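Sequence lines, in order, name chains A and B. Count along the first sequence from 1, add 59, and you get the number used in the numbering used here. Count along the second sequence from 1, add 2, and you get the number used in the numbering used here. Yeah, the Cβ is synthetic: ideal placement off N, Cα and C, and Gly gets one too. This structure is a prediction, so every number in the text was calculated from the model and none was measured. Written below as structure tokens is the structure these notes are about.
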Amino acid sequence: MQYMLEILPSLLNGLKMTLGVFSLTLLGAVPLGMLVAVAMKSKLVVLRAVTNAYITVMRGTPLLLQIVFVYYGLSLANIVTLPRFEAAVVTFILNYAAYFAEIFRGGFQSISQGQYDGAKVLGFNRIQTLRYIVIPQVVKVVMPSVGNEVINLVKDSSLVYVIGLGDLMRAGNIAAARDVTLVPYLLVGLLYLILTITLTYGMRGLEKRMNYYR
Amino acid sequence: MLEIKNLAKTYEGRTIFKDLNLTIDDGEILTIVGPSGIGKTTFLRILAGLLEADTGTMSLDGKALALDGNRSGADVGVIFQDFNLFPQYTVKENIELAPKLVAKHTPAAVEADSERLLMEMDLTVQQDQYPFQLSGGQKQRVAIARALAMHPGILAYDEPTSGLDEASTQRVIDVTKELQNTGVTQLIVTHDLPFAAALNGRIFDFATDVER
Chain A
60 MQYMLEILPS
70 LLNGLKMTLG
80 VFSLTLLGAV
90 PLGMLVAVAM
100 KSKLVVLRAV
110 TNAYITVMRG
120 TPLLLQIVFV
130 YYGLSLANIV
140 TLPRFEAAVV
150 TFILNYAAYF
160 AEIFRGGFQS
170 ISQGQYDGAK
180 VLGFNRIQTL
190 RYIVIPQVVK
200 VVMPSVGNEV
210 INLVKDSSLV
220 YVIGLGDLMR
230 AGNIAAARDV
240 TLVPYLLVGL
250 LYLILTITLT
260 YGMRGLEKRM
270 NYYR
Chain B
3 MLEIKNLAKT
13 YEGRTIFKDL
23 NLTIDDGEIL
33 TIVGPSGIGK
43 TTFLRILAGL
53 LEADTGTMSL
63 DGKALALDGN
73 RSGADVGVIF
83 QDFNLFPQYT
93 VKENIELAPK
103 LVAKHTPAAV
113 EADSERLLME
123 MDLTVQQDQY
133 PFQLSGGQKQ
143 RVAIARALAM
153 HPGILAYDEP
163 TSGLDEASTQ
173 RVIDVTKELQ
183 NTGVTQLIVT
193 HDLPFAAALN
203 GRIFDFATDV
213 ER
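If you want it as structure tokens, here you go:
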């Protein structure tokens, strides 16, 4: 118990990094994913091709590899040198936006043509139709799948260790190696659990709030 | 007045109609009848601006209506067979959304209009309910109120009696007559012949009155 309290501050410090990556990714990836999903419905063939290629690459390669590529690769190729944290967040946003875009695309498909027709004959333009009629319904439909990805993101954020960022997992690793004990891992697991359980309840609350209509 | 001249439509190589000519006077009820699959709904979707016509012209009160499937505005009010109400909005919000966001009427005008329409359509009690809580007849009256809130030049109904019981059907007949008395021009597409007869308007038979 004494030992746990001793390592807790360093773990909580790591948790801060985890939460930072998590919240910034969510903040960036959800709107970007929505934009990509809308672009996938575009009449412009080029736009559709670009978004398709983007999603194929992001979903088709490991996130770990993408982090390494953005942090070391872009720097070595003299394209851009991003600080560790920024590199991690950018990669996470790009990666998660691809998954969100696929989820949103499914959500858009679940909205009947009748909703678009109904909006059109009332004079709504395309943007108003999306903003006021379609997207609110899409959000409700995709909520459970988004919740799933949110939980995944919490756990995936541990991948930032690969470029030396000190997140929760890394803090646990360091303590375990230094003190030759598995106790830090237990604590790390517990902290992740607390995080995911809280998020699960939060997402359920959101789902419930949108259940006022069918 | 709605004037349609030389309207033609082919769909996947099939001629739906050619040289369709039709005039509807202000305050008139025109009922379009004909068996299912003859192109009545196709015609209604062209009238609504949702579908492109091959050739022809259409004008409403002297103003030309685009027939390229990209029409803007709400000159033609449409009551869809499935109503297409917006499920996330209450009855009142469904009625007020377009006047507020599209027509950009003042909040006071929007409110006054929706109060009046709710009253006329006998929906005051249901104004804060969501579409899923309504009966078919109630949903239909919301759809009518929602269309009327944009002050369209004509109101077009697609198969308004499908899925309605006898009492609700009678209600639709009553509503169309009340609207006629206030000067609303109406076009009603139906394959329900007793209903068409009860509407007591001019009948346009898609099976015989259209060249194809």
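What residue range is occupied by the uninterrupted beta strand (DSSP E) comprising residue i?
i	result
M60 of chain B	57-62
V13 of chain B	Residue 13 of chain B is actually Tyr in this sequence, not Val. Unbroken beta strand (DSSP E) run through Y13 of chain B: 4-13.
L157 of chain B	156-160
I81 of chain B	78-81
Assuming residue i and residue j form a contact by the criterion Cβ under 8 Å, report the distance between their Cβ atoms to the nearest whole angstrom.
i	j	result
Q196 of chain A	P89 of chain B	7 Å
G231 of chain A	L70 of chain A	6 Å
A145 of chain B	L157 of chain B	A145 of chain B to L157 of chain B, Cβ: 10 Å. No contact.
N8 of chain B	T57 of chain B	6 Å
R118 of chain A	I222 of chain A	Contact doesn't hold; Cβ gap of about 21 Å is too wide.
P116 of chain B	A151 of chain B	The amino acid occupying residue 116 of chain B in the given sequence is Ser; Pro does not appear at that position. Indeed, because the Cβ distance is near 6 Å, the residues count as touching under 8 Å.
F151 of chain A	G92 of chain A	Not confirmed; about 12 Å, so no contact.
Based on the DSSP secondary-structure assignment, which residues constitute the bridge partners of residue i?
i	result
L189 of chain B	B:L32, B:A158
D207 of chain B	B:V35
L24 of chain B	B:I6
T17 of chain B	B:T12
E213 of chain B	B:K20
A66 of chain B	B:S61
Against residue i, what residues of chain A qualify as contacts under a CB-to-CB distance less than 7 Å, listed in chain order?
i	result
D84 of chain B	G173
A68 of chain B	Those within 7 Å of A68 of chain B in chain A number zero; the least Cβ separation is about 12 Å.
V112 of chain B	Under the 7 Å cutoff, chain A gives no residues; its nearest Cβ is about 13 Å from V112 of chain B.
V80 of chain B	V180
Would you mind telling me which residues of chain B sit closer than 7 Å to residue i, beta carbon to beta carbon, in chain order?
i	result
R273 of chain A	P89, F134
Y191 of chain A	L99, L103
D215 of chain A	Near D215 of chain A there are no residues of chain B at all, since even the closest Cβ is about 32 Å away, more than 7 Å.
If you follow the alpha helix (DSSP H) that residue i is in, where does it begin and where does it stop?
i	result
L85 of chain A	61-99
D226 of chain A	Taken as a continuous stretch (DSSP letters only), D226 of chain A belongs to no alpha helix (DSSP H), as it is neither H nor E.
K106 of chain B	Careful: K106 of chain B lies outside any alpha helix (DSSP H) and carries neither H nor E.
G173 of chain A	172-180
Q129 of chain B	Where Q129 of chain B is concerned, there is no enclosing alpha helix (DSSP H), given that its DSSP letter is neither H nor E.
R164 of chain A	143-168
M202 of chain A	194-215
V127 of chain A	122-127
M117 of chain A	104-119
I253 of chain A	242-268
R173 of chain B	168-183
P196 of chain B	195-201
F85 of chain B	Where F85 of chain B is concerned, there is no enclosing alpha helix (DSSP H), given that its DSSP letter is neither H nor E.
A147 of chain B	138-150
A50 of chain B	42-50
What residues from chain A crowd round residue i, counting only those whose CB sits closer than 8 Å?
i	result
S74 of chain B	G182, N184
G220 of chain B	Past the boundaries of the shown model lies residue 220 of chain B; chain B is included only from 3 to 214, so the question cannot be answered.
V93 of chain B	Chain A residues near V93 of chain B: none, gap ~12 Å exceeds 8 Å.
Run down chain A in chain order and give the residues with a C-beta less than 9 Å from the C-beta of residue i.
i	result
V104 of chain B	L181, G182, F183, N184, Q187
Using a C-beta to C-beta distance shorter than 9 Å, which residues of chain B count as neighbours of residue i?
i	result
Q275 of chain A	The requested residue 275 of chain A is not part of the displayed model; chain A covers only 60 to 273.
D176 of chain A	R47, A50, L52, V80, F82, N86
Is any heavy atom in the ligand NAD found nearer than 7 Å to the beta carbon of residue i?
i	result
V127 of chain A	The ligand NAD is not part of the structure shown, which contains no ligands of any sort.
(message) Against chain A, which members of the segment 136-153 of chain B pass a CB distance test of less than 9 Å?
(response) A145, R148, A149, A151, M152
(request) Select from the segment 119-146 of chain A all residues with a C-beta closer than 7 Å to any C-beta belonging to chain B, and list them in chain order. (result) For the segment 119-146 of chain A, the beta-carbon criterion of a distance under 7 Å to any beta-carbon of chain B is satisfied by none of its residues.
(message) So if I threshold CB-CB distances at 9 Å, which residues from the segment 22-52 of chain B count as touching chain A?
(response) R47, A50, G51, L52
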